[in-house]
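Read through the structure below, which is laid out as structure tokens, and then see the notes.
Residue numbers (the numbering used here): 33 to 170.
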């Protein structure tokens, strides 16, 4: 429920009738959920703070394949430093530290640290593709 909690706190609409308080300057969501039992279509359209979302091409969801985990990024408005990173082959459990997760862990830590450090310095990160991960920005 980590990514769901992040999205709820950031202001995503939801089927649980919960309202986050948007208490943070930026958010990082690992393996975010797409539309389904928690989040309706267009749930993320009001999130305006900086957000880094990371998923993987093996990150299957209960309610769809890994591409459903990119829907929150697509739904968020542009601006405010929004990033989506996709790690080649990473599964949901790799983000939890299970299985062969060393590569996923290293790429996740590097991306999150770069993202947060740049925001702390007053700018939006420039996250560049490297071996095993690609990024989209808006």
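For every residue, glycine included, the Cβ atom is placed at its ideal position computed from N, Cα and C.
Keep in mind the model is a prediction, meaning the values are calculated, not measured.
- Residue pairing of residue 103 in beta bridges, as defined by DSSP: absent, with no partner found.
- Annotated three-state conformation of residue 56 is coil, per DSSP.
- Taking a C-beta distance under 8 Å as the contact criterion, residue 79 and residue 118 do not qualify as a contact pair.
- In the three-state reduction of the DSSP assignment, residue 119 falls in the strand class.
- Closest in C-alpha terms to residue 108, from the list 170, 77 and 58, comes 77.
- When DSSP states are grouped into helix, strand and coil, residue 166 belongs to the strand group.
- In its chain, beyond the 5 residues on either side, 87, 88, 89, 90, 91 and 92 have a beta carbon closer than 7 Å to the beta carbon of residue 98.
- Straight across, the Cα-Cα distance linking residue 83 with residue 133 is about 23 Å.
- Of 153, 33, 138 and 113, the smallest CA-CA separation from residue 48 is found for 33.
- Within the model, the alpha-carbon separation for residue 131 versus residue 122 is close to 10 Å.
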